[in-house]
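Step one of this worksheet: look at the structure below.
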Amino acid sequence: MIPAAADPGPPLSARERRRLRGLERRLRPTGPRVPLVLCLGLDAVALALVAAGIFLALPWLFAGCVAVNLAVCLHLERGG
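Okay, here's the thing in structure tokens:
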């Protein structure tokens, strides 16, 4: 016997399928994509700050870590 929670119920009508597709389309992110040049530029700045933090002063390393986190977020947003 199938539990009630696993029962898919009757098939959807065409009208219900169209309505669900419309809702799904509105939920998808449609914002502007981050340009690759901006991602690569932030990567270069982040690497320069990390290098400066290792060889010059510790506060630069902290700034580099923050920049690396921002770069990762931009890359993930661009890929998603």
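Just so we're aligned, residue 13 is where the sequence shown starts under my numbering, counting upward by one.
Yeah, the Cβ is synthetic: ideal placement off N, Cα and C, and Gly gets one too.
- Within the same chain, A58 come within 6 Å of V80 by CB-CB distance, once the 5 residues on both sides are set aside.
- Around L39, the same chain offers no residue with a beta carbon nearer than 7 Å, after the five sequence neighbours per side are excluded.
- Residues V46 of the same chain have their beta carbon placed closer than 7 Å to that of E89, with the five preceding and five following residues left out of the count.
- Counted as a single uninterrupted DSSP element, the alpha helix (DSSP H) harbouring L32 occupies residues A26 to L39.
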